[in-house]
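Have a look at the structure below before the remarks.
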Amino acid sequence: MHAIRVSRPNADLVHGLQQAALCIVAQGSKTVLLGSEAYTYDPARMLVFSVDLPVAAQVHEASPVCPYLCLRLDLDPRRIAELVLKVYPGGVPQATPGRAIWLAQASEAIVDAGARLLAALADPVDAGLLAPLAVEEMLVRLLRSPVGGRLAQIGRAESNVHRIARAVAWVRDHYMQPIRVEQLACLASMSASSLHQHFKAVTSMSPLQYQKVLRLQEARRLMASGVGAATAGGRVGYTSASQFSREYARLFGSAPTRDLPKRRDVTN
Numbered sequence: 003m004h005a006i007r008v009s010r011p012n013a014d015l016v017h018g019l020q021q022a023a024l025c026i027v028a029q030g031s032k033t034v035l036l037g038s039e040a041y042t043y044d045p046a047r048m049l050v051f052s053v054d055l056p057v058a059a060q061v062h063e064a065s066p067v068c069p070y071l072c073l074r075l076d077l078d079p080r081r082i083a084e085l086v087l088k089v090y091p092g093g094v095p096q097a098t099p100g101r102a103i104w105l106a107q108a109s110e111a112i113v114d115a116g117a118r119l120l121a122a123l124a125d126p127v128d129a130g131l132l133a134p135l136a137v138e139e140m141l142v143r144l145l146r147s148p149v150g151g152r153l154a155q156i157g158r159a160e161s162n163v164h165r166i167a168r169a170v171a172w173v174r175d176h177y178m179q180p181i182r183v184e185q186l187a188c189l190a191s192m193s194a195s196s197l198h199q200h201f202k203a204v205t206s207m208s209p210l211q212y213q214k215v216l217r218l219q220e221a222r223r224l225m226a227s228g229v230g231a232a233t234a235g236g237r238v239g240y241t242s243a244s245q246f247s248r249e250y251a252r253l254f255g256s257a258p259t260r261d262l263p264k265r266r267d268v269t270n
């Protein structure tokens, strides 16, 4: 669980890998970009990620007086699977296939449970006794909501979302290595053509595109820590400096050598 507080809007998009999670905003608003798709959430709308996704995000509404406040609850597929058996003893309802990210109307019951979770974490005894109950209530209520069928898919080993999540995890952990689609298909228990189709349906990109974004995000992080552009590109798997520069500029809007000074100016 993460409690997030931001006191001013982001000047630029913040890029990173978002893990499967439920995001609830108490104050302010934020937009997440997955490729060309935008998802804006605020106190009226929750955001759910069902697999790890490389995204860009920007807080819009925040100030020292009224900061952006968000509760992010990481989603464990194993825990979801356990609760699905209790919530849907007769079988999981049919879920419409779609992206591994979606907006849902903020539920007062889920928000209240989130508030109790934060209160419980303030006390060491309550954190051990009551916080797990509040987390379970949030997950159960989410599973029983109109989006419950979609959430349940991440805990079902036979679902396409769960299978793609296995492929996503491999790419995430081995993004510097060349991708063999046949190997990913084997991990996901799918044919190569089925993997490509479902991977793109879930993440909005192909496995190779997903890998590319991960590489570029990590290269940017390395550069921000002081690593040179050429070295950063090599560390994340690029063998061509010109290809790295070209793809970096396409994703971030500036070549590596120009982007880092700009980011320092924004930070300062």
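Residues 3 to 270, numbered by our numbering, are exactly what the sequence shown covers, in order.
All C-beta atoms, glycine included, are put in the ideal place defined by N, C-alpha and C.
query                                                                                                                                                                             : result
For the alpha helix (DSSP H) holding residue 84, just list the boundary residues, first then last.                                                                                : 79-89
With 16 as the cutoff for other CB atoms within 10 Å, does residue 95 come out buried or exposed?                                                                                 : exposed
Quick check on DSSP: helix, strand or coil for residue 173?                                                                                                                       : helix
Just verifying my parser: in three-state terms, what is the DSSP assignment at residue 233?                                                                                       : helix
Please report the Cβ distance between residue 222 and residue 17, rounded to the nearest whole angstrom; I am assuming they are in contact, meaning their Cβ atoms lie under 8 Å. : 7 Å
Beta-carbon separation of residue 194 and residue 187 under 8 Å?                                                                                                                  : yes
Here's a check: name, in chain order, each residue in its chain whose Cβ is nearer than 8 Å to the Cβ of residue 68, leaving out the five neighbours to either side.              : 29 and 30
Could you give the first and the last residue of the continuous alpha helix (DSSP H) run that contains residue 205?                                                               : 194-205
Which residue wins for smallest C-alpha separation from residue 53, given the options 180, 185 and 20?                                                                            : 20
So what does DSSP say about residue 37, is it helix, strand or coil?                                                                                                              : coil
On the premise that residue 91 lies in contact with residue 164, defined as a C-beta separation below 8 Å, what is that separation, rounded to the nearest angstrom?              : That belief does not hold up - the Cβ atoms of residue 164 and residue 91 are roughly 20 Å apart, past 8 Å.
Count the C-beta pairs between the region 122-133 and the region 236-244 that are closer than 8 Å, then say yes if the count reaches three, no if not.                            : no
Straight-line CA distance for residue 27 to residue 49?                                                                                                                           : 9 Å
In chain order, what residues of the same chain lie with their CB nearer than 6 Å to the CB of residue 120, ignoring the 5 residues before and after it?                          : none
Could you check which residue in 144, 15, 258 and 158 has the C-alpha nearest to that of residue 228?                                                                             : 258
Is the separation between the beta-carbon of residue 22 and that of residue 51 shorter than 8 Å?                                                                                  : yes
Leaving out the 5 sequence neighbours to the left and right, which residues in its chain are closer than 7 Å to residue 201 when beta-carbon positions are compared?              : 166, 169, 208 and 209
Count the other CB atoms within 10 Å of the CB of residue 214; is the residue buried (16 or more) or exposed (fewer)?                                                             : buried
Assign residue 240 to one of three DSSP states: helix, strand, or coil.                                                                                                           : coil
Could you check how far apart the C-beta atoms of residue 108 and residue 47 are, in whole angstroms? I think they sit under 8 Å.                                                 : 6 Å
Residue 218 to residue 39, Cα distance in whole Å?                                                                                                                                : 19 Å
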